[in-house]
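Protein chains in written order, with this note's numbering: chain X, -10 to 358; chain L, -10 to 358. Scroll down for the structure; my scribbles are underneath it.
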DNA sequence: TTCCGTGCTGAATCGTAGA
DNA sequence: TTCTACGATTCAGCACGGA
């Protein structure tokens, strides 16, 4: 993507004081004041509605410091559903048409959130499992160790042209497609924010999780909004990766911690956050291979198994007994397929071996560079 | 458990012709004729409501044989919700007070099912992820590989004294608590039922999955009901493990296949034997070191003698003056070698000394173990 | 007999730029 | 907005057949 494109994306419709800022207040209210259709991605870590009763103790009788905060208490499922509808509706308004939302949750709340997303017209793209490499064990031995959380990735509408940095994800996974299950440790050690020796927030998410989310579904300069900002993991990672961010947090103490944290983050240099794509390569028409003499007019193209063949014409079109057209059209035609990538389908004979014409295209591109 | 207790559990309230039988018909109707409060466990694999449109082709132009059966078609979410309410209500009636239900689904339907379970008063115990070791890839590169399905395990009521064979699960997991994510292959090869050389059912589940479900949440002699029996995986595994089973299936063809299959199953003698296999060391992509902050984007990698260097990018690829790629590719490239183990070749500087990135990988593996 | 290369397949909501 | 043409896109496991 060109520098200009980055800048255009980055400007958005925001007043200067809206972006790269933490907004103190209720997320529905604050989102209501932001311009509609202006946000590229939302990452939301809403209250889980844990419904814990009593305290939990380890086998050594030490107490587990669970989530017992007021913000996680709801009267019943109906109250939680109203809350969910309200904030998702506000998210829907601020999102761009092609924007996406990520929501993380556990079995306590994620089914309700997922159903509501669908009811509101969002289109689920994947559910992604955060598989915790070091979860808290189940102390009572009455259930399976709760070793994962679920994220839902959804676009604002069914036909959205959403951002997905396929090549970046593939690179991050050593050349294999990234799967819908991610193994990452929980947030501990030096990364875990502390106040007076105790954890500053009960559900701080690891930066690695947000790194992958933002790398997958946003581009440098994009605006990423987090309506339940907490201690600002989303903002910290967004800043480091060259994304713009909007944080909304109700609790002034969390907000103060988040501001301090994000101020200390340095932005990674441009090249490091570049999004790899294959489309960066210049288009090479098949005809230019003929022009440059890499393929001769009249030469025969074959598929890998020599089941089909076609003759090259001087203008770069190819011809069979009963039709002519581009390498793609004829490739599709002979196979009876709806489409075909002629570059990888067709081959020429060189020293008695078949060579894909895509290899010749690579030579042209190398010459051009 | 005493022999008497097993016999009492096994007798239930069923007429002789209800148990260890496949019932042909609509599951709501059939369950309505069974005695209330009589079933120990329900395993349900309902239609997923996939909403596929058009055809999908692999990069080699072969067509993917998707689920296009009539039984997976619903008018809209409301129709699917009514269907879900109906069968879950019938399940609730036939379940014992302390009974449990397992439902498997994908992101297309599982959120709606989970929310409805909660609305009807079921109490979710865990959501369990079936992580597929060999999922179908994402052919268009537009999403994450859909590499898992979700199971919800719920008791009929909040305070149920449900069955959970904690020690069996622990044994099955080499002495560690069983986690909520299970890695198992999909159903292929000899286990996959065929008719005329084609798959007999589009969504046959692997027996290993049912083995773990039944081992975890039922006892010998328990009655296990499957309202969407298909080709009878639940019945086959239940029979082998000494559970009694009730199968309900609407399609006579599937039912015939299931009956034939279960007839051939022999009941296991005593305790079923599980062969524990030692797992390979988990694969750690270089990108996850970047995600976890062990290597910074923009940081420089050196070989042991500092003859070559490369810069790390946020997606885990590395770059030199004239090429980019994985740690292995670039390691080979700078040396002019055909191949290279990037893990031992590249180093980072830590406290003025070079540390092989393989050392950092060991840290990640230690965390994962 | 073993090894290796080829081919097939699996619950999948699987384009996009430019005219 | 609609249409056309380009051309991007796959992993693991099993079966089979030839060397």
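For each residue, glycine too, the CB sits at the ideal point set by N, CA and C. Computed from a predicted model, the values in this text were never measured in an experiment.
(message) Can you confirm whether residue 238/X, when its beta carbon is compared against all beta carbons of chain L, has any partner nearer than 8 angstroms?
(response) Here residue 238/X is taken as the residue at index 249 of the first chain, counted from 1. Closer than 8 angstroms: no.
(message) With a threshold of 8 angstroms between beta-carbons, can residue 90/L be considered close to chain X, or not?
(response) Within the second chain, residue 90/L is the residue found at index 101, counting from 1. Not one chain X Cβ lies under 8 angstroms of residue 90/L.
(request) Spell out the partners DSSP gives residue 115/L in its beta bridges. (result) Walking along the second chain from the start, residue 115/L turns up at place 126. 142/L, per the DSSP bridge assignment.
(request) Using a Cβ-Cβ cut-off of 8 angstroms, state whether residue 26/L counts as contacting chain X. (result) Numbered from its first residue, the second chain carries residue 26/L at position 37. Not closer than 8 angstroms to any Cβ of chain X, the Cβ of residue 26/L fails to qualify, so no.
(request) Give a yes or no on whether the minimum CB-CB distance between residue 346/L and chain X is below 8 angstroms. (result) Locating residue 346/L in the second chain gives position 357, counting from the first residue. Among the residues facing chain X, residue 346/L is not included, as its CB has no counterpart in that chain under 8 angstroms away.
(request) State the start and end residues of the unbroken alpha helix (DSSP H) segment that holds residue 246/L. (result) Here residue 246/L is taken as the residue at index 257 of the second chain, counted from 1. Residue 246/L: member of the alpha helix (DSSP H) spanning 241 to 252, first to last residue.
(message) When you compare the region 180 to 192 of chain X with the region 144 to 163 of chain L, are there three or more beta-carbon pairs, one atom per stretch, that lie closer than 8 angstroms?
(response) No, because fewer than three Cβ pairs between the region 180 to 192 of chain X and the region 144 to 163 of chain L fall closer than 8 angstroms, the two stretches do not touch.
(message) For residue 133/X and residue 169/L, what's the separation of their Cα atoms in angstroms?
(response) Position 144 of the first chain, counting from 1, holds the residue named residue 133/X. Position 180 of the second chain, counting from 1, holds the residue named residue 169/L. C-alpha of residue 133/X to C-alpha of residue 169/L: approximately 5 angstroms in a straight line.
(message) Between residue 144/L and chain X, is any beta-carbon pair separated by less than 8 angstroms?
(response) By one-based count along the second chain, residue 144/L stands at place 155. The C-beta of residue 144/L comes no closer than 8 angstroms to any C-beta of chain X.
(message) Taking only three categories from DSSP, how would you classify residue 332/X?
(response) Against the first chain, residue 332/X aligns to sequence position 343. In the structure shown, the three-state DSSP call for residue 332/X is helix.
(request) Mark residue 236/X as exposed unless 16 or more other C-beta atoms lie within 10 angstroms of its C-beta, in which case mark it buried. (result) By 1-based counting over the first chain, the position of residue 236/X is 247. Classification for residue 236/X: buried.
(message) With three or more beta-carbon pairs closer than 8 angstroms as the criterion, would you say the region 137 to 149 of chain L touches the region 109 to 118 of chain L?
(response) Because the criterion of three Cβ pairs below 8 angstroms is met, the region 137 to 149 of chain L and the region 109 to 118 of chain L touch.
(request) Indicate whether residue 206/X and residue 250/X have their beta-carbon atoms separated by less than 8 angstroms. (result) On the first chain, residue 206/X is found 217 positions in, with the first residue counted as 1. On the first chain, residue 250/X is found 261 positions in, with the first residue counted as 1. In this structure, residue 206/X sits away from residue 250/X, with a CB-CB distance that is not shorter than 8 angstroms.
(request) Report the rounded CA-to-CA distance for residue 314/L versus residue 88/X, giving the unit in angstroms. (result) By 1-based counting over the second chain, the position of residue 314/L is 325. By 1-based counting over the first chain, the position of residue 88/X is 99. Their backbone Cα atoms lie some 30 angstroms apart in a straight line.
(message) What would DSSP say about residue 12/X, mapped onto helix, strand or coil?
(response) Position 23 of the first chain, counting from 1, holds the residue named residue 12/X. Looking at residue 12/X - three-state DSSP - the assignment turns out to be strand.
(request) Using a Cβ-Cβ cut-off of 8 angstroms, state whether residue 161/X counts as contacting chain L. (result) As a position in the first chain, residue 161/X is number 172, starting the count at 1. With 8 angstroms as the cut-off, residue 161/X counts as an interface residue toward chain L.
(request) Quick one: list the residues of chain L neighbouring residue 155/X, beta-carbon separation under 8 angstroms, in chain order. (result) Counting from one through the first chain, the residue named residue 155/X turns up at place 166. What residue 155/X touches in chain L: 130 and 131.
(message) Which of the three DSSP states is assigned to residue 268/L in this structure?
(response) Position 279 of the second chain, counted from the start, is the residue given in the question as residue 268/L. No answer about residue 268/L holds up, because its pLDDT of 40 lies below 50 and its placement is not dependable.
(request) Under 6 angstroms Cβ to Cβ from residue 329/X, same chain only, skipping five residues before and after it: list those, please. (result) The residue labelled residue 329/X in the question sits at position 340 within the first chain. Taken in chain order, the residues that qualify are 317, 320 and 321.
(message) Tell me the residue span of the alpha helix (DSSP H) that contains residue 319/L.
(response) Along the second chain, one-based indexing puts residue 319/L at 330. Residue 319/L: member of the alpha helix (DSSP H) spanning 316 to 324, first to last residue.
(request) In the DSSP assignment, find the unbroken alpha helix (DSSP H) run with residue 404/L in it and report its ends. (result) The structure shown does not extend to residue 404/L, since chain L is modelled only from -10 through 358, so no value can be given for it.
(message) Give me the chain L residues within the contact set of residue 117/X, using Cβ-Cβ distance strictly less than 7 angstroms, ordered along the chain.
(response) Along the first chain, read from residue 1 onward, the residue named residue 117/X stands at position 128. Those are 133, listed as they occur along chain L.
(request) Under the assumption that residue 280/L contacts residue 200/X (Cβ atoms under 8 angstroms), give the Cβ distance between them as a whole number of angstroms. (result) Counting from one through the second chain, the residue named residue 280/L turns up at place 291. Counting from one through the first chain, the residue named residue 200/X turns up at place 211. Right, the Cβ-Cβ distance comes to about 5 angstroms (below 8 angstroms), so this counts as a contact.
(request) Please compile the residues from chain X whose C-beta is within a distance smaller than 7 angstroms of the C-beta of residue 274/L. (result) Taking the second chain and counting its residues from 1, the one referred to as residue 274/L is at position 285. Simply 161, 162 and 163.
(request) Spell out whether any CB of chain X is found under 8 angstroms from the CB atom of residue 114/L. (result) Numbered from 1 along the second chain, position 125 holds the residue referred to as residue 114/L. Closer than 8 angstroms: yes.
(request) Would you mind working out which of 324/X, 172/X, 260/X and 283/X sits nearest residue 298/X, comparing C-alpha positions? (result) Counting from one through the first chain, the residue named residue 298/X turns up at place 309. Among 324/X, 172/X, 260/X and 283/X, the Cα nearest to that of residue 298/X is on 324/X.
(request) Determine, using beta carbons only, whether residue 20/L comes closer than 8 angstroms to chain X. (result) Taking the first residue of the second chain as 1, we reach residue 20/L at position 31. The beta-carbon of residue 20/L is placed no less than 8 angstroms from the nearest beta-carbon of chain X.
(request) Pull up the CB-CB distance for residue 213/L and residue 227/L, whole angstroms please, since I reckon it's below 8 angstroms. (result) As a position in the second chain, residue 213/L is number 224, starting the count at 1. As a position in the second chain, residue 227/L is number 238, starting the count at 1. Taking 8 angstroms as the upper bound for CB-CB distance, residue 213/L and residue 227/L are in contact here, some 5 angstroms apart.
(message) Can you give me the C-alpha to C-alpha distance between residue 138/L and residue 121/L, rounded to a whole angstrom?
(response) Within the second chain, the letter at position 149 stands for residue 138/L. Within the second chain, the letter at position 132 stands for residue 121/L. Their backbone Cα atoms lie some 8 angstroms apart in a straight line.
(message) I need the straight-line Cα distance from residue 18/X to residue 217/X, nearest angstrom please.
(response) Against the first chain, residue 18/X aligns to sequence position 29. Against the first chain, residue 217/X aligns to sequence position 228. Straight across, the Cα-Cα distance linking residue 18/X with residue 217/X is about 13 angstroms.
(message) According to DSSP, residue 215/X sits in a beta bridge with which residue or residues?
(response) One-based indexing of the first chain puts residue 215/X at position 226. Under DSSP, residue 215/X forms a beta bridge with 236/X.
(message) In chain order, what are the residue ranges of uninterrupted beta strand (DSSP E) at least 3 long that sit wholly in the region 29 to 94 of chain L?
(response) Listed in chain order, they are 84 to 94.
(request) Name the residue from 176/X, 77/X, 141/X and 127/X whose alpha carbon lies nearest to the alpha carbon of residue 98/L. (result) Here residue 98/L refers to the residue found at position 109 of the second chain. The shortest C-alpha separation from residue 98/L is found at 141/X.
(request) For chain X, find out if any of its Cβ atoms is closer than 8 angstroms to the Cβ of residue 218/L; answer yes or no. (result) By one-based count along the second chain, residue 218/L stands at place 229. No, because no Cβ of chain X sits closer than 8 angstroms to the Cβ of residue 218/L.
(message) Does chain L have any CB closer than 8 angstroms to the CB of residue -2/X?
(response) The residue you call residue -2/X lines up with position 9 of the first chain. Its pLDDT being 42, under 50, residue -2/X is placed unreliably in this model, and the value from its coordinates should be taken loosely. For residue -2/X, not one C-beta of chain L is nearer than 8 angstroms to its own C-beta.
(message) My output table needs one value for residue 137/X: the three-state DSSP class, helix, strand or coil.
(response) Locating residue 137/X in the first chain gives position 148, counting from the first residue. In this structure, residue 137/X counts as strand in the three-state DSSP scheme.
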